[in-house]
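Chains as they are written, first to last, in our numbering: chain A, 1 to 500; chain B, 1001 to 1281. Note that the Cβ used here is the ideal one computed from N, Cα and C, for glycine as well.
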């Protein structure tokens, strides 16, 4: 990816025009054989240089692109002034997970997309600077705790310790609420520990961010499966004055093609959980096994598919990524696709599996695929792939990893009374307040939206905290100004529709 | 940490442990399972609940040592602790008064049958239990099953105790005699498969509890998927109990063998290290 733009300089450059500072990475050939982090992060000089590129806009557009509204110019200015401790404190006013977001947020779709510099050259590397500040703190010790309000004497229960749950818990703790998070797995972090691989997000970073939230007074109860160990109704009976449901996306979807239950066929969730959460990549030192495979087919084109493919590669397999559309339609982040290509993942695009074939023992032997062509755009606006007749062919593989999305997990929702669900089993929550159909119960993150991004879940966590605070103080969930703004927006939409 | 309060060895391979887990015990119902992890490097092991005591806050498990983790667990006793103990998971058994119910358990499968049979008895059913094993040494909980059953049949494959036959023989006879409203059959895949083959011609509903490979046990990974009536189901959230006449047991058993070579590698190394986890590093 070019870091330097050849466009003409702006008319009145206030600052010397510098190219976007590249971030050092492990060489592709080296990192393809280890689980160490791909990207090594900025050193001090790089961070100072990159921070100096920020124009410090009076009305910064970047902040509008941030789902949690981080004061981006302010933290960058502090880095530029050589005060990373103040920069991290500034970040932590709005985000509980800076080390995580600096690594896995799709900045190119959010803050950096709106950066004014991006019109003429490359935008400021906001994510990399966020990561720099967070990593500086990790290396130099905590830069002090944020202010915690006096106890309000109310207790909030949060279900799930992923990005939505932990963000909400952290915000509420700062406001003076007692918060308990219930986590089903044996480690906190949700998708950050079971889903995202070590080489993209080291697990000690996730642990550190969870430790931080605990240091704010939040209690994290592991091994608690809400819906089984305790129901939501019991949580309310047991003294939780409000509840936030952030239990995540849930069940892996399969394609319903023949052969999907053969040995050697994994959901991406299973493959990644074995490797990430259970550390199967270190078997037999860790007890959980994983089938490595000589030749692996990963089906799908999202970030999870990239993670699965790159994990299989590191375990020693030749990896084919099978995706039914073309590269342009891939939902994965560009950076991830780029990294996967660099590392040697083979992309079989415009290719769709039709069946998986096995041997006598029930093990995967081949995958049958068909070539696809792009037809007319579908409901998602992307051109619909259509099979090309007679183009069936078979690829010999011994492991298949299916990464075609997730469905809502019924475990919590089915055991909760009075909770309205969508046809797909997701929880219905008001988009402005996150209140569900159940008194005092709010919901956010993937269980509401379906699988989305870490930062959107964090945004939901923040919104839930604000609503829960107002709910527990007996205030309306929306201020009159907010009500008005929403009404105005919907009136305008109606007008536009009528004009058409 | 979850304390082991009691441990009894039933044979060289089979043992019982009572674990202190009040939150799990408070919610536990017959037919459900737990997931445990022995230590930081450990795998998540799913085990069906053999008994629970809500007042004492305990869960009882009965385990057959086969691989490394179950061998390691076997070495732990009173005073030791487990890193994680999660549950209760899965959908509980549907307990109601069906009339006459046969509860058949094979090998360690007798343990999970026990709380179900007890609940069925308490619900007013006439309970006929079959306790089966390969030989006398492997027979489990005859006395406990006897206490809650109206009738108890014991079989061993080698005739060392009770009737010299497979579990399917008395099952066949009971079906032929008639008047059976429901059958529970829990044990190894092969035992459940042939129990279901035996009962199917008589049209007596036969419920089995499947023990597939799992990782999280909460629906997230799909490792436990099985085919029931031609549809893919997750044992952890859709089960573990299913209508046995609809289950593809060959697929279940094939999928249970997925990690045989790794399991052997792990166990061999464990034995070589004299059971010292640190030596694996």
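Minimum Cβ-Cβ distance from residue i to chain B less than 8 Å
i: residue 193 of chain A; result: no
i: residue 219 of chain A; result: no
i: residue 267 of chain A; result: yes
i: residue 410 of chain A; result: yes
i: residue 225 of chain A; result: yes
i: residue 135 of chain A; result: no
i: residue 9 of chain A; result: Residue placement at residue 9 of chain A cannot be trusted, given a pLDDT of 48 that sits under 50; what the coordinates show is reported in the next sentence. For residue 9 of chain A, the answer is no, since every Cβ of chain B falls outside 8 Å of its Cβ.
i: residue 491 of chain A; result: no
i: residue 289 of chain A; result: yes
i: residue 5 of chain A; result: Confidence is the limiting factor: at residue 5 of chain A the pLDDT is only 49, short of 50, which leaves the residue's position unreliable and the question unanswerable from this model.
i: residue 501 of chain A; result: Outside the displayed range of chain A (1 to 500) lies residue 501 of chain A, so it cannot be described from this structure.
i: residue 284 of chain A; result: yes
CB contact below 8 Å: residue i versus chain A
i: residue 1223 of chain B; result: yes
i: residue 1001 of chain B; result: no
i: residue 1265 of chain B; result: yes
i: residue 1212 of chain B; result: no
i: residue 1088 of chain B; result: yes
i: residue 1124 of chain B; result: no
i: residue 1017 of chain B; result: no
i: residue 1215 of chain B; result: yes
i: residue 1258 of chain B; result: yes
i: residue 1156 of chain B; result: no
i: residue 1132 of chain B; result: no
i: residue 1249 of chain B; result: no
i: residue 1237 of chain B; result: yes
i: residue 1025 of chain B; result: no
i: residue 1037 of chain B; result: yes
i: residue 1043 of chain B; result: yes
i: residue 1029 of chain B; result: no
i: residue 1232 of chain B; result: yes
Whole-Å CB distance - residue i paired with residue j, under 8 Å assumed
i: residue 1218 of chain B; j: residue 261 of chain A; result: No, residue 1218 of chain B and residue 261 of chain A are not in contact; Cβ-Cβ is about 20 Å, not under 8 Å.
i: residue 1111 of chain B; j: residue 1062 of chain B; result: 4 Å
i: residue 397 of chain A; j: residue 367 of chain A; result: 5 Å
i: residue 171 of chain A; j: residue 462 of chain A; result: 6 Å
i: residue 1187 of chain B; j: residue 1107 of chain B; result: 5 Å
Given residue i as reference, the closest of the options once Cα atoms are compared
i: residue 1030 of chain B; options: B:1241, B:1266, B:1216 and B:1007; result: B:1241
i: residue 1086 of chain B; options: A:460, A:225 and A:339; result: A:225
i: residue 1054 of chain B; options: B:1106, B:1251, B:1114 and B:1019; result: B:1019
i: residue 201 of chain A; options: A:159, A:35, A:346 and A:211; result: A:35
i: residue 1234 of chain B; options: B:1256, B:1165, B:1221 and B:1160; result: B:1221
i: residue 1004 of chain B; options: B:1072, B:1082 and B:1089; result: B:1082
i: residue 298 of chain A; options: A:473, A:317, A:137 and A:172; result: A:317
i: residue 1225 of chain B; options: A:482, A:238 and A:264; result: A:264
i: residue 365 of chain A; options: A:296, A:436, A:122 and A:247; result: A:296
i: residue 27 of chain A; options: A:491, A:339, A:54 and A:165; result: A:339
i: residue 56 of chain A; options: A:480, A:470, A:79 and A:394; result: A:79
i: residue 1091 of chain B; options: B:1065, B:1107, B:1209 and B:1097; result: B:1209
i: residue 45 of chain A; options: A:304, A:73, A:129 and A:39; result: A:129
i: residue 354 of chain A; options: A:388, A:343, A:328 and A:88; result: A:388
i: residue 98 of chain A; options: A:114, A:490, A:166 and A:174; result: A:166
i: residue 86 of chain A; options: A:70, A:75, A:138 and A:94; result: A:75
i: residue 1178 of chain B; options: B:1188, B:1160, B:1189 and B:1203; result: B:1203
i: residue 326 of chain A; options: A:394, A:349, A:392 and A:496; result: A:349
C-beta neighbour in chain D for residue i, strict 8 Å
i: residue 1220 of chain B; result: Structure shown: chain D not included; protein chains present are A and B.
Mind listing which residues of the segment 228 to 252 of chain A have their C-beta closer than 9 Å to chain B's C-betas, in chain order?
228, 229, 230, 231, 234, 248, 249, 250, 251 and 252
Residues within the segment 1172 to 1201 of chain B neighbouring chain A, beta-carbon criterion of under 9 Å
none
Stretch pair the segment 240 to 254 of chain A + the segment 424 to 440 of chain A: three plus CB contacts closer than 8 Å
yes
Could you run through the segment 158 to 170 of chain A and flag, in chain order, every residue whose CB is less than 8 Å away from some CB of chain B?
none
Could you list the residues in the segment 172 to 191 of chain A with a C-beta less than 8 Å from some C-beta on chain B, going in chain order?
184, 185 and 186
By the 7 Å beta-carbon criterion, what residues does the segment 362 to 390 of chain A contribute toward chain B?
362
What residues in the segment 1072 to 1100 of chain B bring their beta carbon closer than 9 Å to a beta carbon of chain A?
1072, 1083, 1084, 1085, 1086, 1087, 1088, 1089 and 1090
Three or more beta-carbon pairs under 8 Å between the segment 1155 to 1166 of chain B and the segment 1131 to 1140 of chain B, yes or no?
yes
Three Cβ pairs or more, each shorter than 8 Å: is that satisfied between the segment 171 to 184 of chain A and the segment 271 to 288 of chain A?
no
Quick one: which residues of the segment 200 to 215 of chain A get their C-beta closer than 7 Å to a C-beta of chain B? List them in chain order.
none
Closer than 8 Å, Cβ to Cβ, to anything on chain A: give me those residues from the segment 1139 to 1169 of chain B, in chain order.
none
Counting beta carbon pairs with one atom in the segment 1058 to 1078 of chain B and one in the segment 477 to 484 of chain A, are three or more of them shorter than 8 Å?
no
Are the segment 1187 to 1199 of chain B and the segment 1160 to 1171 of chain B in contact at 8 Å, needing three or more beta carbon pairs?
yes
Taking beta-carbon pairs under 8 Å, can you tell me which members of the segment 1048 to 1066 of chain B lie near chain A?
none
Check whether the segment 119 to 129 of chain A touches the segment 99 to 108 of chain A, taking contact to mean three or more Cβ pairs, one atom from each stretch, closer than 8 Å.
yes
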